[in-house]
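Numbering (the numbering used here), first residue to last: 1 to 276.
Working notes, beginning with the structure itself.
So, in structure tokens, the structure goes:
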């Protein structure tokens, strides 16, 4: 409540306190003043169209409760992570550019059928238009990563534009699923110093890939399956797409190679930020 919005009851309390103060000055009372409660005004809703500061989110006002612990930020890397811990023949499946209602649901159904978790690097504009799919990803236990808002070539953007692309996407993911992305992937695999610095400032590790299925060229399901088979190895990160073109082949290929990988003893897992 703001000071200029005091209720009538509080006005009466303040008037009574003022009267006691006057009486004490005149020698009619000798009481210590009551302590003033600590704390500041509650933060209001952001203006329409404004982006929230990620730094503010990391150290929010706590009101009357205990302060929330600040998340430790990752170090600024000079190159993206290409592989993960390959113990127990682990592999990671990743899907970029979505969510897309034409293809993402089929991928989610296959992953669910085999009780497998994957990573989805979403574009903010796609996430904002397909909120239910983003919630479905989160409900199924998949990791949602940041793939910028419009999928630009970051090496051609200045720092301010790069921040806007990345931060807007983190904001919309948080709004939809209630958690900030912990992983970032630069579109086209085009990394630069700004991308590494801003990703780290926003609490994200940079993840690239080891095996590119080249599904963005729409080669058909058979070619995608062959590339996954050829690249399968402990610790590899497989790149596929669930949006950005005709991804029918990607959906069909997953139904073929996923049970094959599992049957060969591979464990499809998620990366651990503390082990990369």
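Every residue, glycine too, gets a C-beta built ideally from N, C-alpha and C.
Remember, predicted model here, so these are calculated numbers, not experimental data.
Is it buried or exposed, residue i, if we count other Cβ atoms within 10 angstroms and call 16 or more buried?
| i | result |
| --- | --- |
| residue 241 | buried |
| residue 181 | buried |
| residue 188 | exposed |
| residue 114 | exposed |
| residue 227 | buried |
| residue 169 | buried |
| residue 263 | exposed |
| residue 266 | buried |
| residue 207 | buried |
| residue 75 | exposed |
| residue 215 | buried |
| residue 68 | With a pLDDT of 39 at residue 68, under the threshold of 50, the predicted position of this residue should be treated as unreliable, and no value is reported. |
Enumerate in chain order the residues of its own chain whose CB-to-CB distance from residue i is below 7 Å, with the five nearest sequence positions on each side excluded.
| i | result |
| --- | --- |
| residue 276 | 81, 84 and 205 |
| residue 192 | 154 and 155 |
| residue 198 | 162, 163 and 166 |
Assuming residue i and residue j are in contact, meaning their beta carbons sit under 8 Å apart, how far apart are those beta carbons, in whole angstroms?
| i | j | result |
| --- | --- | --- |
| residue 347 | residue 176 | No information on residue 347 is available, as it lies outside the stretch 1 to 276 that the chain covers here. |
| residue 183 | residue 238 | Not a contact, Cβ separation roughly 15 Å. |
| residue 141 | residue 117 | 5 Å |
| residue 179 | residue 186 | Their Cβ separation, rounded to whole angstroms, is 21 Å, which puts residue 179 and residue 186 out of contact at 8 Å. |
| residue 150 | residue 174 | In fact, because the Cβ distance is near 18 Å, the residues do not count as touching under 8 Å. |
Spatial neighbours of residue i within its chain, please: C-beta separation below 8 Å, excluding the five flanking residues on both sides.
| i | result |
| --- | --- |
| residue 272 | 84 and 85 |
Ignore the nearest five residues each way along the sequence and tell me which others in residue i's own chain have a CB closer than 6 Å to its CB.
| i | result |
| --- | --- |
| residue 104 | 98, 133 and 242 |
| residue 209 | 237 and 239 |
| residue 106 | 251 |
May I have a chain-ordered list of the beta strand (DSSP E) segments no shorter than 3 residues that lie completely inside the region 210-249?
237-241
Within the chosen definition, does the region 98-105 reach the region 116-127 through at least 3 CB pairs nearer than 8 Å?
yes
Pair every Cβ in the region 133-140 with every Cβ in the region 87-94, then say whether three or more of these pairs are closer than 8 Å.
no
Which ranges would you report for the alpha helix (DSSP H) in the region 144-213 if only whole runs of at least 4 residues count?
159-177 and 193-201
Suppose only complete runs of 3+ residues qualify. What are the beta strand (DSSP E) ranges in the region 70-146, listed by chain order?
90-96, 119-122 and 143-146
I'd like to know if the region 240-255 and the region 211-224 are in contact, where contact means that at least 3 CB-CB pairs between them fall below 8 Å.
yes
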